[in-house]
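Under numbering that gives the first Met the number 0, the residue at position 191 of the first sequence is numbered 190, and the numbers go up by one with no gaps.
Idealized CB from N, CA, C, for every residue including glycine.
Each remark here refers to the structure printed beneath this line.
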Amino acid sequence: MHNIKDLRKNLDYYKKKLLNRNYNLNIDEFVNLDKDNRNLISKKEKLEQEKKILSKSKNKANFEKSKKISEEISRLNKDQALNKKKLDFILHTLPNLALDDVPIGKDEKSNKLIKKFGKIRDFNFTPKSHVEISSNEIDFETSTKLSGSRFVVLKNKLALLERALINFMLDVHTIQYKYTEVSPPLIVNEDVMFGTGQLPKFEEDQFEIKFNNSDQRKFLIPTSEVVLTNLVRDSFTKKDDLPLRFVASTPCFRREAGSYGKDTKGMIRQHQFYKVELVSVVEPKNCLIELDRMLDCAKKILDILEIPYQIVLLSTGDMGFSAEKTYDIEVWIPSENKYREISSCSSCGTFQARRMGAKYKINNNNEFLGTLNGSGLAVGRLIVALLENNQNEDGSVTIPDALKKYMNNLDKI
RNA sequence: GGAGAGGUGGCCGAGUGGUUGAAGGCGCACGCUUGGAAAGCGUGUAAACGGGAAACCGUUUCGAGGGUUCGAAUCCCUCUCUCUCCGCCA
């Protein structure tokens with residue numbers, strides 16, 4: 000969410016920057032709503048002041064007058080509330096502005112390749128897809144019966160592999176990079192979803208659950224970014240406690256609405272998948288330094304596992320709603336002969352902190368915090384990448400050295 | 001599911017219809033004191049919104065919404081959350 004005062008002052012700038020993100024701000028509409036809003040507030044305040052004075056007088060002669068003013072205030076209140084709602088909807092659905100070094104473009108075609116890492120294997124046989132490699136242990140038949148499409152049942156060594164990868168990644172991030180491990184709730188309320196930007200604009204992507212008969216809405220988290228970032232919501236963090244770094248492995252739940260035809264085979268796109276997520280809370284001026292650090296943490300996993308990947312700087316058209324700058328890590332998938340996203344590391348500046356009311360005190364002033372999030376990494380896709388990149392001609396898969404101790408010392412599966 | 005208690009400032013905690021934005025304490029900031037620190041003393045210290053270049057001014061806010069009243073943190077209603085006990089259960 001943007002600072003409305005800043006927006007008001009720099010309308011043309013925002014208009015232009017938002018256009019880069021495929022958002023066409025209707026300046027006239029915004030200005031009118033904003034003006035009306037403030038006029039209504041001024042009018043109301045004048046009356047309130049008048050009323051206050053009359054009340055304090057304790058003079059019965061004034062009581063009747065005061066009553067009339069109350070009625071007028073109540074009318075103005077209703078108008079203003081309605082007006083504010085419209086204004087808020089605009090404000091709440093404006094995406095973050097991209098930083099100046101972000102490439103401008105309509106979609107992923109304008110993303111900028113930063114660097115490739117690792118060596119793509121030269122297979123002397125035709126590499127199989129992960130589904131072919133582990134057809135016995137990746138069971139879509141049963142998952143479909145149980146839950147429908149885009150779910151999977153992992154069995155045996157593949158279930159072990161999932162657990163091993165999670166533990167391995169958590170260890171790297173907590174021990175080597177000093178992230179604080181968190182085991183958060185997977186169900187959150189509406190305010191929390193608003194805080195990180197999933198609501199109100201992307202409601203159709205979320206799983207809302209019937210929790211009880213109360214009006215309070217509840218959602219399954221689409222990523223633990225939502226819970227980890229909101230750990231600092233509605234609070235003041237001490238400057239000395241910054242930066243905060245959180246890591247969690249959680250299941251993530253996504254409707255995947257609007258991706259009906261995409262990635263229907265295999266484990267690439269699921270309604271439910273595990274993801275190890277990194278979140279940092281920092282002083283805003285340190286966002287970009289932290290972004291580099293976070294990217295290093297995520298890359299490290301693939302370096303250790305020796306899986307080839309590339310880093311891509313996302314263009315304005317491909318970035319997420321809350322991000323000001325995003326790097327994707329894309330991992331090599333032999334069966335598709337291309338790179339696929341396995342991590343997305345974003346700086347959100349103060350955009351989310353504004354929505355969450357997450358502040359810190361500096362020189363006795365209250366300032367909004369900077370927040371960042373990144374996958375470190377998506378477990379489902381990492382399984383796919385590992386199986387495919389490490390497959391052997393006989394159908395076995397070699398376990399990387401660093402993972403062996405998490406895999407009961409198996410060399411191959 | 002049954003019964004009860006409670007949501008007040010960064011935190012703790014007073015306050016039951018009229019200068020209460022709200023006593024007191026803690027914390028924090030600054031100053032005095034000290035060789036330095038601690039202790040002690042003094043002063044200051046909420047947020048949101050609106051106006052203003054700023055100093056500053058105004059309005060709102062005591063879980064949320066509604067009601068009573070000239071006037072509500074205080075009374076009434078609805079909702080919500082937290083805690084305790086019992087029941088049930090991983």
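Which value, in whole angstroms, describes the spacing of the CA atoms of residue i and residue j?
| i | j | result |
| --- | --- | --- |
| Ile113 | Ser248 | 28 Å |
| Leu409 | Met168 | 18 Å |
| Cys296 | Lys274 | 14 Å |
| Ile303 | Ala401 | 7 Å |
| Glu71 | Lys8 | 32 Å |
| Asn82 | Glu189 | 22 Å |
| Lys144 | Val181 | 33 Å |
| Asn211 | Ile186 | 13 Å |
| Arg380 | Met266 | 7 Å |
| Pro250 | Lys16 | 35 Å |
| Ile412 | Gly394 | 9 Å |
| Asp291 | Ser41 | 46 Å |
For the alpha helix (DSSP H) containing residue i, name the first residue and the last one.
| i | result |
| --- | --- |
| Val104 | Sequence inspection shows Gly at residue 104; the Val mentioned does not correspond to that position. Counting along the chain, Gly104 falls outside any alpha helix (DSSP H), and DSSP gives it neither H nor E. |
| Tyr12 | 10 to 19 |
| Glu131 | 129 to 132 |
| Leu301 | 286 to 304 |
| Lys156 | 155 to 170 |
| Arg353 | 350 to 355 |
Counting C-beta neighbours from all protein chains within 10 Å, is the total for residue i 16 or more, i.e. buried, or is it exposed?
| i | result |
| --- | --- |
| Gln215 | exposed |
| Gln465 | Residue 465 lies beyond the residue range present for the chain, which begins at 0 and ends at 412; the question has no answer from this structure. |
| Arg253 | buried |
| Val383 | buried |
| Arg353 | buried |
| Arg74 | exposed |
| Pro221 | buried |
| Pro333 | buried |
| Glu224 | buried |
| Lys108 | exposed |
| Gln48 | exposed |
| Ser374 | buried |
| Glu259 | For clarity, residue 259 is Tyr in the given sequence; the question names Glu instead. Exposed, since its Cβ has fewer than 16 Cβ neighbours within 10 Å. |
| Phe218 | buried |
| Thr125 | exposed |
| Ala80 | exposed |
| Ile361 | exposed |
| Asn414 | Residue 414 is absent from the structure shown; the chain starts at 0 and stops at 412. |
| Tyr12 | exposed |
| Gln205 | buried |
| Phe193 | buried |
| Gly257 | exposed |
| Lys298 | buried |
| Leu18 | exposed |
| Phe493 | Not covered by the structure: residue 493. The range shown for the chain is 0 to 412. |
Give me the Cβ distance between residue i and residue j, rounded to the nearest whole Å; I'm assuming they're in contact under 8 Å.
| i | j | result |
| --- | --- | --- |
| Gly348 | Asn21 | Their Cβ separation, rounded to whole angstroms, is 19 Å, which puts Gly348 and Asn21 out of contact at 8 Å. |
| Ile103 | Phe29 | Contact doesn't hold; Cβ gap of about 22 Å is too wide. |
| Ser128 | Glu387 | 7 Å |
| Leu53 | Lys45 | Leu53 to Lys45, Cβ: 13 Å. No contact. |
| Val246 | Val280 | Actually they are not in contact, since the Cβ atoms of Val246 and Val280 sit about 13 Å apart, beyond 8 Å. |
| Ile119 | Pro307 | 5 Å |
| Ser345 | Ala322 | 4 Å |
| Pro183 | Leu227 | 7 Å |
| Asp78 | Leu39 | 6 Å |
Could you tell me the boundaries of the beta strand (DSSP E) in which residue i lies?
| i | result |
| --- | --- |
| Ser234 | 234 to 236 |
| Thr141 | Here Thr141 belongs to no beta strand (DSSP E); instead the alpha helix (DSSP H) covers 139 to 146. |
| Thr195 | Here Thr195 belongs to no beta strand (DSSP E); instead the alpha helix (DSSP H) covers 189 to 195. |
| Thr397 | It is not in any beta strand (DSSP E) - Thr397 carries neither H nor E in the DSSP assignment. |
| Arg339 | 337 to 346 |
| Leu371 | 369 to 377 |
Is the CB-CB distance between residue i and residue j below 8 Å?
| i | j | result |
| --- | --- | --- |
| Val101 | Thr315 | yes |
| Glu136 | Leu157 | yes |
| Tyr359 | Leu371 | no |
| Leu241 | Tyr178 | no |
| Val378 | Glu161 | yes |
| His1 | Leu93 | yes |
| Asp327 | Glu340 | yes |
| Arg149 | Glu305 | no |
| Gln309 | Lys115 | yes |
| Asp166 | Val191 | The amino acid occupying residue 166 in the given sequence is Asn; Asp does not appear at that position. No. |
| Asn110 | Leu301 | no |
| Val130 | Lys264 | yes |
| Ala97 | Met318 | yes |
Are there any heavy atoms of the ligand SAM lying less than 7 Å away from the beta-carbon of residue i, as far as the coordinates show?
| i | result |
| --- | --- |
| Ile306 | Among the ligands in the structure shown, none appear at all, so the ligand SAM cannot be discussed. |
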